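For the protein sequence lines, the chains are E and U, in the order given.
Under our numbering, the first residue of the first sequence carries the number 474, and numbering increases by one thereafter.
Under our numbering, the first residue of the second sequence carries the number 474, and numbering increases by one thereafter.
Here a beta-carbon is modelled for each residue, glycine too, at the ideal position from N, C-alpha and C.
Everything numeric in this text was worked out from a predicted model, so none of it was measured.
Number of protein chains: 2
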Amino acid sequence: MLPMPLLTMKFGGTSVADLERMRTVASKIKYEVERGYNVIAVVSAMAGATNKLIGLVESTSNLFDAREYDAVVSTGESQSSGLLALTLQDIGIPARSWQGWQVPVITTSAHGTARITQIETENLNAKFAEGMRVAVVAGFQGTSPEGRMTTLGRGGSDTSAVAFATAFKSERCDIYTDVDGVYTADPRIVPNARKLQKISYEEMLELASLGAKVLQTRSVELAMRNNVRLCVRSSFNDEPGTLVCDEEEIMEKNTVSGIAQTVDEAKISILSVEDRPGIAEAVFGPLAAAGVNVDMIIQTISERELTDITFTCPVNQVELAESALKSARDRGSVGFRGLVADTDVCKVSVVGIGMRSHTGVASKMFGALAKQKINIKAISTSEIKISVLVDQIYRDLAVKALHDEFGLNYSN
Amino acid sequence: MLPMPLLTMKFGGTSVADLERMRTVASKIKYEVERGYNVIAVVSAMAGATNKLIGLVESTSNLFDAREYDAVVSTGESQSSGLLALTLQDIGIPARSWQGWQVPVITTSAHGTARITQIETENLNAKFAEGMRVAVVAGFQGTSPEGRMTTLGRGGSDTSAVAFATAFKSERCDIYTDVDGVYTADPRIVPNARKLQKISYEEMLELASLGAKVLQTRSVELAMRNNVRLCVRSSFNDEPGTLVCDEEEIMEKNTVSGIAQTVDEAKISILSVEDRPGIAEAVFGPLAAAGVNVDMIIQTISERELTDITFTCPVNQVELAESALKSARDRGSVGFRGLVADTDVCKVSVVGIGMRSHTGVASKMFGALAKQKINIKAISTSEIKISVLVDQIYRDLAVKALHDEFGLNYSN
Numbered sequence: 474m475l476p477m478p479l480l481t482m483k484f485g486g487t488s489v490a491d492l493e494r495m496r497t498v499a500s501k502i503k504y505e506v507e508r509g510y511n512v513i514a515v516v517s518a519m520a521g522a523t524n525k526l527i528g529l530v531e532s533t534s535n536l537f538d539a540r541e542y543d544a545v546v547s548t549g550e551s552q553s554s555g556l557l558a559l560t561l562q563d564i565g566i567p568a569r570s571w572q573g574w575q576v577p578v579i580t581t582s583a584h585g586t587a588r589i590t591q592i593e594t595e596n597l598n599a600k601f602a603e604g605m606r607v608a609v610v611a612g613f614q615g616t617s618p619e620g621r622m623t624t625l626g627r628g629g630s631d632t633s634a635v636a637f638a639t640a641f642k643s644e645r646c647d648i649y650t651d652v653d654g655v656y657t658a659d660p661r662i663v664p665n666a667r668k669l670q671k672i673s674y675e676e677m678l679e680l681a682s683l684g685a686k687v688l689q690t691r692s693v694e695l696a697m698r699n700n701v702r703l704c705v706r707s708s709f710n711d712e713p714g715t716l717v718c719d720e721e722e723i724m725e726k727n728t729v730s731g732i733a734q735t736v737d738e739a740k741i742s743i744l745s746v747e748d749r750p751g752i753a754e755a756v757f758g759p760l761a762a763a764g765v766n767v768d769m770i771i772q773t774i775s776e777r778e779l780t781d782i783t784f785t786c787p788v789n790q791v792e793l794a795e796s797a798l799k800s801a802r803d804r805g806s807v808g809f810r811g812l813v814a815d816t817d818v819c820k821v822s823v824v825g826i827g828m829r830s831h832t833g834v835a836s837k838m839f840g841a842l843a844k845q846k847i848n849i850k851a852i853s854t855s856e857i858k859i860s861v862l863v864d865q866i867y868r869d870l871a872v873k874a875l876h877d878e879f880g881l882n883y884s885n
Numbered sequence: 474m475l476p477m478p479l480l481t482m483k484f485g486g487t488s489v490a491d492l493e494r495m496r497t498v499a500s501k502i503k504y505e506v507e508r509g510y511n512v513i514a515v516v517s518a519m520a521g522a523t524n525k526l527i528g529l530v531e532s533t534s535n536l537f538d539a540r541e542y543d544a545v546v547s548t549g550e551s552q553s554s555g556l557l558a559l560t561l562q563d564i565g566i567p568a569r570s571w572q573g574w575q576v577p578v579i580t581t582s583a584h585g586t587a588r589i590t591q592i593e594t595e596n597l598n599a600k601f602a603e604g605m606r607v608a609v610v611a612g613f614q615g616t617s618p619e620g621r622m623t624t625l626g627r628g629g630s631d632t633s634a635v636a637f638a639t640a641f642k643s644e645r646c647d648i649y650t651d652v653d654g655v656y657t658a659d660p661r662i663v664p665n666a667r668k669l670q671k672i673s674y675e676e677m678l679e680l681a682s683l684g685a686k687v688l689q690t691r692s693v694e695l696a697m698r699n700n701v702r703l704c705v706r707s708s709f710n711d712e713p714g715t716l717v718c719d720e721e722e723i724m725e726k727n728t729v730s731g732i733a734q735t736v737d738e739a740k741i742s743i744l745s746v747e748d749r750p751g752i753a754e755a756v757f758g759p760l761a762a763a764g765v766n767v768d769m770i771i772q773t774i775s776e777r778e779l780t781d782i783t784f785t786c787p788v789n790q791v792e793l794a795e796s797a798l799k800s801a802r803d804r805g806s807v808g809f810r811g812l813v814a815d816t817d818v819c820k821v822s823v824v825g826i827g828m829r830s831h832t833g834v835a836s837k838m839f840g841a842l843a844k845q846k847i848n849i850k851a852i853s854t855s856e857i858k859i860s861v862l863v864d865q866i867y868r869d870l871a872v873k874a875l876h877d878e879f880g881l882n883y884s885n
C-alpha cells in the first residue's frame, strides 16, 4: 500500500481563538482529509493565551529562569492542540494531539529562542499507519536534550510548521492566518493593493524582514533552504492564497513585487567624529558587542578631520546604542561631540526578483518620491530590494506613490 | 556525605490561586529549606483553572476522548509548578519544576482516573545531588505506558503528594490547604469544634469518605498503606495543623474523634417487593451492574410475601438507579409495585477508634438524637463509625447534639 500524501497545515492564534473558530479550522482540515491527505496540523496558542502566561511569568521575577518560562508559556499550545484534536474527533476525523516531547521535537537548549535540531518521524508515522488521519501538533514547542520544555520564540509556530513539512516531506505547508495572502502592499495603506498568486522565497524573505507581518522570517528561510512550498491563506474564507515557492515556479517575474514599510526604526547621528582609518570599527564594534541591530549606515563627507556618522537601529535599542557609544567615548576608543536620535522615521522598501535583470528601479523610486517632495534620509540596497528612510509622516504617501509608480494597483 | 532529610509539601489550588499566594507558599517552603530539608513541593492548578479547562473540553464534544481531556486539563498544573519554581528562585531557593513525564510518574492508562504505578526517583535525586533544594512537581499528572499525559481524577494532587512521599521515603507529607487541620466537626456548623492534634488513618479515612472534605479518601488510603505521616495544615497561617498517623502514635484514643455529615444522599424505597430468597441479589445485582453506589440498606419486616426495600445512594445516581430497577422489572427478574425517592436526607456519622473497646456509643448516639426528636431513617455501622440517615433539615441540629453529647467541644 502506498503511503497517503501528506499536507502540513498551520493555524495561528486568531484562527484558534475560540471553540467556534476551531470548528471552522476543523472543517478546513476535514476538507483535505476527504481529498485523501493525511494532515499534520500545527497550532499556536489561542489568541491572547501566550501574552497572559508571559505576564504571569514576568510578574514572578525581574530576572526569570528561561527554562521555567518555557515550561509555563508552552502550555498554551498544549491546550489548543488538545482542543483541536477533540473538535476534529467530534466531526468524525481520527485525530490526536502531540506535544513537543511526545513527537519528539528536539531543539537546542536556548530556552525562549530554541532552534529545532531534529524532528523524529517514527512515532507519528506509526500512528498514521494505524489510521490516525490528523496529527495535531503543538507549535512553538520542543524538548531540549536535557528533557526540558523549550519554546522557539515569537512566531515560532510558523517555524514548527515548516520544520514538520520538511521532516515529513509534506507536499505543501499551508499557513492559515488572518490575512488571505501576500499583497503588493499593506491593504490598510493601499486599498487597491493586489494579492500575489505566487512570490519567490527571496522576495518573501525581504518582505518579511522589512515589515510584512504575514510570515515569520525564520520560517521563510527554513522553507527556502528545504524547498518547502508555503501557501499563505486565510482561516476565515476559502480563497486560494499566495504560494511562496522557488522562483523557477514563477513564470512572470515582476520587477517589483511589493512595497513594505516598518515603523520601529530610529536614526542616530554621531556628530563630529574624528575621521581616521579604523573609525567605523571603533564606532560599530561597541554597538555590535552591545547587541545593537544596526541596519543602514551613512557617513557624510568629512570636513577638517571631523565627520558625522548616521545609522539606523530598532527604536527600542536607542538607549542601548547611546550607552554603548558613550562608554566607548569614556574609554577613549572613539571621540565625538554629541549624539542625536530621531525616532520619527520609517523605512519604505521596494522588493522584486526582477531587479536582478532590470536596471533603473532605484532612479524610478527616487524620482517618484521626489515628485511627492519626500526627502530621503538614508538608502540601503540588496540584489532584490531598495530601502529608503523617510520621515514617518510621509510613510503612507511614500508607499502609495511607489505602489502606483511600479504599476502594482489592482486595476493593472 | 549523608543525603539531606526530605519533606513533601502539597499545596492545593486556593494556596496557589495567584502570585501573591504563591509568595506565601514560597516562604513556607523556604522555612523548611533553611531548616535543612530538601523539599518536594506538589502543586495543584491555580484555583479555577481546572474547571475552566474542563469547561472548554466539554464544549468540544459530548463524548470526548479522555486522552485529549488529560492533555488539556493537565496544563493547569504545568503552569502552577513553573510559576512556583520561578517564585522560589526569586527568593534565592534553587528550585525547578517537574511535569509528570519528566519525573516520570508512570500511571495506568485509565485517562481521567489514572492510578500511579511507579514514580522514578533517579532524575530528581540526581538534581538534588547537584544542589536543587526544591522539586516543584505538577500534581494530578502522570504519563501512561503509551507516553500520553494522564490525570488522576479530582483531588488527585493529594494522591500525587502521598505517592511522592512514599517513593522518596519522605520524613512527612504536609498537606497545605485552606483549613488549618482536621476538626471534631465542621466549624461552620459547630463553632466551638476543636482542632485535633492527631488522628489515626482509619478515622481520617472514615471522615474523608463520610464528607469531611479536608483530604481525598484515596490519598489517606495510600498514606495508611505506606505508613506516610500526613500533616494537614493551613497555607494562610503558621498553626501546627493535624497529624494523620498510625494509631500507635496516638496515646489518648478518643471514643469518638469527630462528627461528619454528607448532604448528597438520596433514599430510594422499592415498594411491595415479592419477599423470597434471592430477592436481595435480584434487586442489588442490577444496581451494581449499572454502577450505582449503594450505601445503606433497610428491609422492613414483610407482610404476606411482600416487603419494602429501602437503600441510599448518591443523589446524582437516583435516575440511574430507577432506570436500572425498572429495566430489571421489565425483564421479569424482580417484581415491585413502585419506587419512591427522597432526596431531602443526609447522613450524620460519629467516628472514633475508641469504639472498638468502648461499648454503648450507638445507644448514646440514638439517645441524643431522640432527645432532639430527630427521626432516624436508616443506620449503618463499621468497627469505628456509626452513621444515621436523617431528614436534611435536622442536619445541623444532629451534628451539634452529637458533638455535645460526646464531649468534643473546645471548652472540654
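Does the separation of the CB atoms of residue i and residue j fall below 9 Å?
i                : j                : result
Thr785 (chain E) : Glu738 (chain E) : yes
Ala520 (chain E) : Ala490 (chain E) : yes
Val546 (chain U) : Ile527 (chain U) : yes
Val861 (chain E) : Ala874 (chain E) : no
Thr580 (chain E) : Phe641 (chain E) : no
Thr533 (chain E) : Leu492 (chain U) : yes
Val767 (chain E) : Leu793 (chain E) : no
Thr780 (chain E) : Ser745 (chain E) : yes
Val821 (chain E) : Gln734 (chain E) : yes
Ser630 (chain E) : Lys501 (chain E) : no
Ala797 (chain E) : Ala762 (chain E) : yes
Ile662 (chain E) : Val872 (chain E) : yes
Glu675 (chain E) : Met697 (chain E) : yes
I'd like the list of long-range same chain contacts for residue i, defined as Cβ closer than 6 Å, with 5 residues on each side in sequence excluded.
i                : result
Val609 (chain E) : Ala514, Ser554, Leu557, Ala558, Ala568, Ser570
Ala634 (chain E) : Thr481, Lys483, Val515, Cys646
Met677 (chain U) : Val693, Val717
Ser853 (chain U) : Met769, Ser860
Ser806 (chain U) : Ala755
Asn665 (chain U) : Asn882, Tyr883
Got a sec? Which residues, its chain only, sit under 8 Å from residue i by beta carbon, not counting five neighbours each side?
i                : result
Leu669 (chain U) : Gly654, Val655, Tyr656, Thr657, Thr715, Ser730, Gly731
Leu695 (chain E) : Thr632, Val635, Ala636, Thr639, Val701
Arg829 (chain E) : Glu856, Ile857
Val530 (chain U) : Phe537, Glu541, Tyr542, Val545, Val546
When the Cα atoms are used, what is the spatial distance from residue i to residue j?
i                : j                : result
Trp932 (chain E) : Val818 (chain E) : Because chain E is modelled from 474 through 885, residue 932 (chain E) falls outside the range shown and cannot be assessed.
Glu856 (chain U) : Gly880 (chain U) : 20 Å
Pro660 (chain U) : Met724 (chain U) : 25 Å
Arg496 (chain U) : Leu683 (chain E) : 43 Å
Gly620 (chain E) : Ser582 (chain E) : 9 Å
Asp711 (chain U) : Gln845 (chain U) : 39 Å
Val834 (chain U) : Glu720 (chain U) : 20 Å
Gly811 (chain E) : Asn524 (chain E) : 39 Å
Ser643 (chain E) : Tyr510 (chain E) : 10 Å
Thr590 (chain E) : Leu703 (chain E) : 21 Å
Asn596 (chain U) : Asn598 (chain E) : 30 Å
Thr690 (chain U) : Phe757 (chain U) : 25 Å
In the DSSP output, what is residue i paired with across the bridge?
i                : result
Asn511 (chain E) : E:Leu479
Met605 (chain E) : Its beta-bridge partners do not exist; DSSP assigns none.
Tyr649 (chain U) : U:Phe484, U:Arg706
Val717 (chain E) : E:Ile672, E:Leu703
Asp815 (chain U) : U:Lys740
Taking residue i and residue j to be in contact with their CB atoms under 8 Å, please state how far apart those CB atoms are, rounded to whole angstroms.
i                : j                : result
Glu795 (chain U) : Glu747 (chain U) : Between Glu747 (chain U) and Glu795 (chain U) the Cβ distance is about 19 Å, and since that is not below 8 Å, they are no contact.
His831 (chain E) : Thr728 (chain E) : 5 Å
Met622 (chain U) : Asp543 (chain U) : 5 Å
Ser551 (chain E) : Gly612 (chain E) : In fact, because the Cβ distance is near 11 Å, the residues do not count as touching under 8 Å.
Ile782 (chain E) : Ile743 (chain E) : 5 Å
Here's a check: name, in chain order, each residue in its chain whose Cβ is nearer than 7 Å to the Cβ of residue i, leaving out the five neighbours to either side.
i                : result
Val705 (chain U) : Ile648, Thr650, Gly654, Val655, Val687, Leu688, Gly714, Thr715, Val717
Gln865 (chain E) : Val736, Asp817, Val818, Cys819
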